[in-house]
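Residue numbering for the sequence shown follows our numbering, beginning at 168 and increasing consecutively.
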Amino acid sequence: MIHVETYERYWILLSLAALVIFAIAIGVSSFMFGIQVPSPEALVNPNTVAKTGNFANPGLRQLAPNKYEAYIRAQASPWKFYPDKLEVPVGSTVTFYLTSADVQHGFKLEGTNINVMVLPGQVTKMTATFNQKGTFPYVCTEYCGVGHQNMFGTLVVK
Ligand code: CUA
168 MIHVETYERY WILLSLAALV IFAIAIGVSS FMFGIQVPSP EALVNPNTVA
218 KTGNFANPGL RQLAPNKYEA YIRAQASPWK FYPDKLEVPV GSTVTFYLTS
268 ADVQHGFKLE GTNINVMVLP GQVTKMTATF NQKGTFPYVC TEYCGVGHQN
318 MFGTLVVK
């Protein structure tokens, strides 16, 4: 039996307790609050995404009163989000579907916890509810070329 100093034993126990607490925190956040690592909602062909399907005709679609889905395509050259303007009534829940037609982009929407990568070939899905009126800018957060700073848009809640 190895002799362990009293204080060292306390530190070992404290470290083990910290691990258990962290594991519980992960369990609570994922199972009780539904916080998950984003995973691709679907796979798409980046070469055709601007020509066919929902991302070829991006924008808002109303599913029910105060319930929308927004298809947004990020694209370089010209560096732009399609669309770069969205408008929903206050109290709306919007599910965002994002993809890129070329390189890696980012999508951060002010006033929400949406801050995701937008990758060619993958669809990223995030949902947010807008209970306050205002203008919420969205920007590209991944450097994507010389026009990166031009990639922004606004969501207006009225
Ligand atoms: Cu798109 Cu930076």
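Ideal Cβ positions, reconstructed from N, Cα and C, are used throughout, including at glycine.
Okay, do the stretch 306 to 320 and the stretch 254 to 265 touch, 3+ Cβ pairs below 8 Å being the bar? no
Cβ contact check for the stretch 226 to 237 and the stretch 196 to 208: 3 or more pairs under 8 Å: no
Let's test the definition: count the other Cβ atoms within 10 Å of the Cβ of Trp-246 and tell me whether it reaches 16, buried, or not, exposed. The count along the sequence shown starts at 1 and reaches residue 246 at position 79. Buried, by the Cβ-count rule.
Quick one, are the C-beta atoms of Gly-320 and Phe-248 less than 7 Å apart? Working through the sequence shown from its first residue, we reach residue 320 at position 153. Working through the sequence shown from its first residue, we reach residue 248 at position 81. Result yes, Cβ atoms of Gly-320 and Phe-248 sit closer than 7 Å.
Any idea which residues DSSP pairs Leu-265 with across the strands? In the sequence shown, residue 265 corresponds to position 98, counting from 1. Looking at the DSSP assignment, Leu-265 forms a beta bridge with Ile-239, Thr-291.
Proximal residues to Lys-252 (C-beta, below 7 Å), its chain only, five neighbours per side dropped: Locating residue 252 in the sequence shown gives position 85, where the first residue counts as 1. Hits under 7 Å: Gly-320, Thr-321.
When burial is assigned at 16 or more other CB atoms within 10 Å of the CB, is Ile-169 buried or exposed? Walking along the sequence shown from the start, residue 169 turns up at place 2. Its Cβ having fewer than 16 others within 10 Å, Ile-169 is exposed.
Measuring CB atoms only, is the stretch 213 to 223 touching the stretch 271 to 283, in the sense that at least three cross pairs come out at less than 8 Å? no
Hey, how far is the Cα of Leu-180 from the Cα of Val-187? Numbered from its first residue, the sequence shown carries residue 180 at position 13. Numbered from its first residue, the sequence shown carries residue 187 at position 20. Those two C-alpha atoms are separated by around 11 Å.
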